[in-house]
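Visitor: The opening residue of the sequence shown carries number 157 in the numbering used here; numbering runs sequentially from there.
So that we are looking at the same thing, I have put the structure below in structure tokens.
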Amino acid sequence: MSKKTPSWFNVPDYDWQKKQAIVIGAGIAGCQMSWHLSQAGWDITLIDRNKKIANEASGNPAGVISPKMTSRPSLGEDFYTHSFQYTLDQISQLKKQGLEWHGCGLLQLSHYQREEKRWQQLKERDFKEDFLQLLDEEETSKVANIPLPYKSSYFPQSGWIDPTHFCNVLSGDKHCKILLETKAIHLEKQENLWHVLDENDDLIAQAEVVIITNGKDLTQFKQTKNLPTMPVAGQTTLGTASEYSSKLKTVIGHEGYLTPADTKSDQHTFGATFDRNNDKPKITQQADKDNLAQLTQYLPEFAESLINTESAHAAVRLTTPDRFPYTGAIPDWDFYRKHYDDLHHGKKWKEYPKAEYQKGLFVLGGFGSRGLTTSGYCAKLLSNIITNQPFSNEEKPILQNLHLARYLIKALKKGLKVGG
Ligand SMILES: Cc1cc2nc3c(=O)[nH]c(=O)nc-3n(C[C@H](O)[C@H](O)[C@H](O)COP(=O)(O)OP(=O)(O)OC[C@H]3O[C@@H](n4cnc5c(N)ncnc54)[C@H](O)[C@@H]3O)c2cc1C
157 MSKKTPSWFN VPDYDWQKKQ AIVIGAGIAG CQMSWHLSQA GWDITLIDRN KKIANEASGN
217 PAGVISPKMT SRPSLGEDFY THSFQYTLDQ ISQLKKQGLE WHGCGLLQLS HYQREEKRWQ
277 QLKERDFKED FLQLLDEEET SKVANIPLPY KSSYFPQSGW IDPTHFCNVL SGDKHCKILL
337 ETKAIHLEKQ ENLWHVLDEN DDLIAQAEVV IITNGKDLTQ FKQTKNLPTM PVAGQTTLGT
397 ASEYSSKLKT VIGHEGYLTP ADTKSDQHTF GATFDRNNDK PKITQQADKD NLAQLTQYLP
457 EFAESLINTE SAHAAVRLTT PDRFPYTGAI PDWDFYRKHY DDLHHGKKWK EYPKAEYQKG
517 LFVLGGFGSR GLTTSGYCAK LLSNIITNQP FSNEEKPILQ NLHLARYLIK ALKKGLKVGG
């Protein structure tokens, strides 16, 4: 993608009267957003419908922070690598404030043919040792501290975190006021302020800036209803550690993931299931059976040794068709349809007016199964948009890939009619 920004992906300059924002949804996206804006000197009202924060997708007992590699360099790989490095830096900063991070490394097993091919291709590329090492079976077993008959991609800086604890630390700033058991239903603009209203149309809060970070229900508002999304429910399982399983030193990635035993609870977390187009998460015994069967397939001795298993957590990850999250201002959808309607004629982008947005409304969502790794970097990008910070040439193409109007623009370029 060009480093120049086409008119339809233009980032406007803002002139806010006050540094105050409302963030709707206190999962990892909302907490990251609150943290970044608090750091920039903003006052935040963070609202959530549940009795506690991080109660939905971000409520797993353990989540993995790791990059995602493609055989050849790609924009996707770039995005994950930037996100990963950014989150590691943030974690090392937050450790001084008591954040617990389990930086035990991750072994991504080459457990089937396509993975094996990727392993070969990655081996031919040049990575810094502290980022990625391509290990054979013997080396994999040595790092894992249990026998593993697989080659692997080893990320020494990866690890796992308790997402709820992460959210608590991020939202713990004195500039962040949290309103629980508060459900946002509508957003209405009055003068220059966005009003966040409840089910009785009573005012919850008002501000010039509102950021929607409400996870699986992203499209509940009339301003966001056209964003293409797909819910994927998932469940994780806990396994009580045995003498054998306690030896495991790193996170293991196969089709799913497995964490080393948590020294406090003596539990491993493993899974997760993928139940597409299901937005009603529910703990089921079947999901635990599926998780155990998957673990048994790749690590039979380990799975067999677990003393006990029980359900951990079920929730929905909201994904997008291209698996990139949404990060940015909400477009003025009518403006887009009116002014970019003839994009399929192939006129130069410079001939089009610059994009207009619903001033003050932003989205950070659609994080799929990688939100713990990617939401920090995306929150930083969005915070930079809101606070008028410049973007580097590396960041510009990433930002375009996260733009909320990317699907609309694709459709208009194909000459498809897109309704309201
Ligand atoms: C089983 C499972 C395992 C996972 N494992 C990993 C992993 O290992 N590594 C990784 O990086 N990612 C993992 N993920 C993905 C990651 O957890 C998600 O991408 C991330 O939690 C999404 O965060 P979010 O803040 O967008 O959504 P959520 O955490 O769901 O937060 C949204 C919040 O908005 C609130 N809300 C919704 N609507 C409203 C409203 N109208 N008014 C007020 N509040 C509202 C909800 O109560 C909720 O608290 C996993 C996900 C699942 C389900």
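Even for Gly, the Cβ is constructed at its ideal location relative to N, Cα and C.
Note that this is a predicted model, so its numbers are computed, not measured.
1) With distances taken from CA atoms, which of F311, R493, I463 is nearest K224?
2) Under the three-state reduction of DSSP, which class applies to C187: helix, strand or coil?
3) Whole-angstrom Cβ separation of G215 and I368, contact assumed at under 8 Å?
4) For Y492, which option in F523, T429, Y563 has the closest C-alpha, if you only look at C-alpha atoms?
5) Name, in chain order, the residues that DSSP records as bridge partners for T475.
6) Which two residues bound the contiguous beta strand (DSSP E) that contains S239?
7) Between the alpha carbons of T393 and R526, how many angstroms are there, rounded?
8) Could you tell me the boundaries of the alpha helix (DSSP H) in which Q545 lies?
9) Hey, is L263 close to ligand 1, as in C-beta under 8 Å from one of its heavy atoms?
10) Alpha carbon to alpha carbon, how far is Q346 from A428? Give it in angstroms, no decimals.
11) Between G409 and Q269, which are expected to be in contact by the criterion C-beta below 8 Å, what is the C-beta distance as a whole number of angstroms?
12) CB of P211 to nearest heavy atom of ligand 1: below 8 Å?
13) Going by beta carbon distance, what residues of the same chain come within less than 8 Å of H321, once the five residues before and after it are set aside?
14) Could you compute how far the alpha carbon of G588 sits from the alpha carbon of W489?
15) If I follow the unbroken beta strand (DSSP E) through I496, where does it start and stop?
16) I'd like to check one pair, N464 with G571: are the Cβ atoms closer than 9 Å?
17) When DSSP labels each residue in this structure, what does P487 get in the three-state scheme?
18) Please name the residue, chosen from T161, P162, K160, V167, that lies closest to K515 on a Cα-to-Cα basis.
19) Near D446, which residues of its chain fall below 6 Å by C-beta distance, leaving aside the five closest residues on each side in sequence?
20) Which residues in the same chain as Y400 place their Cβ atom closer than 8 Å to its Cβ, once the five residues preceding and following it in sequence are excluded?
21) Return helix, strand or coil for S158, following the three-state DSSP convention.
22) Does the segment 322-338 come within contact of the segment 277-290, defined as at least 3 CB pairs closer than 8 Å?
23) Check the C-beta distance from A397 over to D422 and give it rounded, since I have them as a contact under 8 Å.
24) Rounding to the nearest angstrom, what Cα-Cα distance links N544 and T476 in this structure?
25) Would N370 be called buried (16 or more neighbouring beta carbons within 10 Å of its own) or exposed?
26) Report yes if the CB atom of P481 is closer than 9 Å to the CB atom of G524, and no otherwise.
27) Taking the C-alpha atoms as reference points, what is the distance between D418 and H424?
28) Where K175 and L448 are concerned, what is the direct C-alpha to C-alpha distance, given to the nearest angstrom?
29) Between H238 and L555, what straight-line distance do the alpha-carbon atoms span, to the nearest angstrom?
30) Below 6 Å CB to CB, which residues in the same chain sit around Y236 once its five sequence neighbours on both sides are set aside?
31) Beta carbon of W164, beta carbon of A511: below 9 Å?
32) How many angstroms separate the CA atom of M157 from the CA atom of K381?
33) Any idea what DSSP makes of V167, helix, strand or coil?
34) Note down the Cα distance separating E550 from Q246, rounded to an integer number of angstroms.
Guide: So, from the data block:
1) As a first step, residue 224 is located in the sequence shown; it is residue number 68 there, counting from the start. For K224, the nearest C-alpha among the options comes from F311.
2) Numbered from its first residue, the sequence shown carries residue 187 at position 31. It is helical.
3) Residue mapping note: residue 215 aligns to position 59 of the sequence shown, counting from 1. Residue mapping note: residue 368 aligns to position 212 of the sequence shown, counting from 1. At roughly 19 Å, the Cβ-Cβ gap does not stay under 8 Å, so G215 and I368 are not in contact.
4) If you number the sequence shown from 1, residue 492 lands on position 336. Of the candidates F523, T429, Y563, the one whose C-alpha sits nearest the C-alpha of Y492 is Y563.
5) For the purposes of this step, residue 475 is taken as the residue at position 319 of the sequence shown. For T475, which the question treats as bridged, DSSP gives the partners M386.
6) Numbered from its first residue, the sequence shown carries residue 239 at position 83. Per DSSP, S239 lies in no beta strand (DSSP E); the unbroken alpha helix (DSSP H) holding it starts and ends at 231-250.
7) In the sequence shown, the residue the question calls residue 393 occupies position 237. In the sequence shown, the residue the question calls residue 526 occupies position 370. So the alpha carbons of these two residues sit roughly 18 Å apart.
8) Here residue 545 is taken as the residue at index 389 of the sequence shown, counted from 1. Per DSSP, Q545 belongs to no alpha helix (DSSP H) and is neither H nor E.
9) Here residue 263 is taken as the residue at index 107 of the sequence shown, counted from 1. L263 Cβ: outside cutoff for every heavy atom of ligand 1.
10) Position 272 of the sequence shown, counting from 1, holds the residue named residue 428. Position 190 of the sequence shown, counting from 1, holds the residue named residue 346. Rounded to whole angstroms, the gap between the alpha carbons of A428 and Q346 is 44 Å.
11) If you number the sequence shown from 1, residue 409 lands on position 253. If you number the sequence shown from 1, residue 269 lands on position 113. The pair is not a contact, with the Cβ atoms about 17 Å apart (cut-off 8 Å).
12) Taking the sequence shown and counting its residues from 1, the one referred to as residue 211 is at position 55. Looking at the sequence shown, residue 211 is not Pro but Asn. Within the cutoff, so yes.
13) Numbered from its first residue, the sequence shown carries residue 321 at position 165. These residues qualify, in order along the chain: L255, E256.
14) Because residue 588 is not part of the residues shown, which for the chain are 157 to 576, the question remains open.
15) Here residue 496 corresponds to residue number 340 of the sequence shown, with the count starting at 1. Ile is not the amino acid found at residue 496; the sequence shown has Tyr there. Careful: Y496 lies outside any beta strand (DSSP E) and carries neither H nor E.
16) Against the sequence shown, residue 571 aligns to sequence position 415. Against the sequence shown, residue 464 aligns to sequence position 308. No, the Cβ-Cβ distance between G571 and N464 is not below 9 Å.
17) The residue labelled residue 487 in the question sits at position 331 within the sequence shown. Secondary structure at P487: strand, using DSSP grouped into helix, strand and coil.
18) Position 359 of the sequence shown, counting from 1, holds the residue named residue 515. Nearest of T161, P162, K160, V167 to K515, Cα basis: V167.
19) For the purposes of this step, residue 446 is taken as residue 290 along the sequence shown, with counting starting at 1. The beta carbon of D446 sits closer than 6 Å to those of T429, all from its chain and outside the five residues before and after it, given in chain order.
20) As a first step, residue 400 is located in the sequence shown; it is residue number 244 there, counting from the start. Once the five neighbours on either side are set aside, the close Cβ partners of Y400 are I302, E457, F458, S461.
21) For the purposes of this step, residue 158 is identified with residue 2 of the sequence shown, where counting begins at 1. In this predicted model, S158 has a pLDDT of only 48, less than 50, meaning its place in the structure is not dependable enough to derive any value.
22) No: the two stretches stay apart, fewer than three of their Cβ pairs being nearer than 8 Å.
23) Looking up residue 397 in the sequence shown gives position 241. Looking up residue 422 in the sequence shown gives position 266. A Cβ-Cβ separation of about 5 Å places A397 in contact with D422 under the 8 Å criterion.
24) Position 388 of the sequence shown, counted from the start, is the residue given in the question as residue 544. Position 320 of the sequence shown, counted from the start, is the residue given in the question as residue 476. Cα to Cα, N544 sits roughly 27 Å from T476.
25) Here residue 370 corresponds to residue number 214 of the sequence shown, with the count starting at 1. With a threshold of 16 other beta carbon atoms within 10 Å, N370 meets it and is buried.
26) As a position in the sequence shown, residue 481 is number 325, starting the count at 1. As a position in the sequence shown, residue 524 is number 368, starting the count at 1. Note that the C-beta distance between P481 and G524 is below 9 Å.
27) Translated into the one-based positions of the sequence shown, residue 418 becomes position 262. Translated into the one-based positions of the sequence shown, residue 424 becomes position 268. D418 and H424 have their C-alpha atoms some 6 Å from each other.
28) As a working mapping, residue 175 is identified with position 19 in the sequence shown. As a working mapping, residue 448 is identified with position 292 in the sequence shown. Whole-angstrom Cα-Cα distance: 49 Å.
29) In the sequence shown, residue 238 corresponds to position 82, counting from 1. In the sequence shown, residue 555 corresponds to position 399, counting from 1. The C-alpha of H238 lies about 12 Å from the C-alpha of L555.
30) Indexing the sequence shown from 1 puts residue 236 at position 80. P223, K224, listed in sequence order.
31) Position 8 of the sequence shown, counted from the start, is the residue given in the question as residue 164. Position 355 of the sequence shown, counted from the start, is the residue given in the question as residue 511. Contact: yes.
32) Mapped onto the sequence shown, residue 157 falls at position 1. Mapped onto the sequence shown, residue 381 falls at position 225. Residue placement at M157 cannot be trusted, given a pLDDT of 43 that sits under 50; what the coordinates show is reported in the next sentence. Going from the Cα of M157 to the Cα of K381 covers about 27 Å.
33) Stepping through the sequence shown from its first residue, residue 167 is reached at position 11. Of the three classes helix, strand and coil, the one that applies to V167 here is coil, per DSSP.
34) Walking along the sequence shown from the start, residue 550 turns up at place 394. Walking along the sequence shown from the start, residue 246 turns up at place 90. Straight-line Cα distance between these residues: approximately 19 Å.
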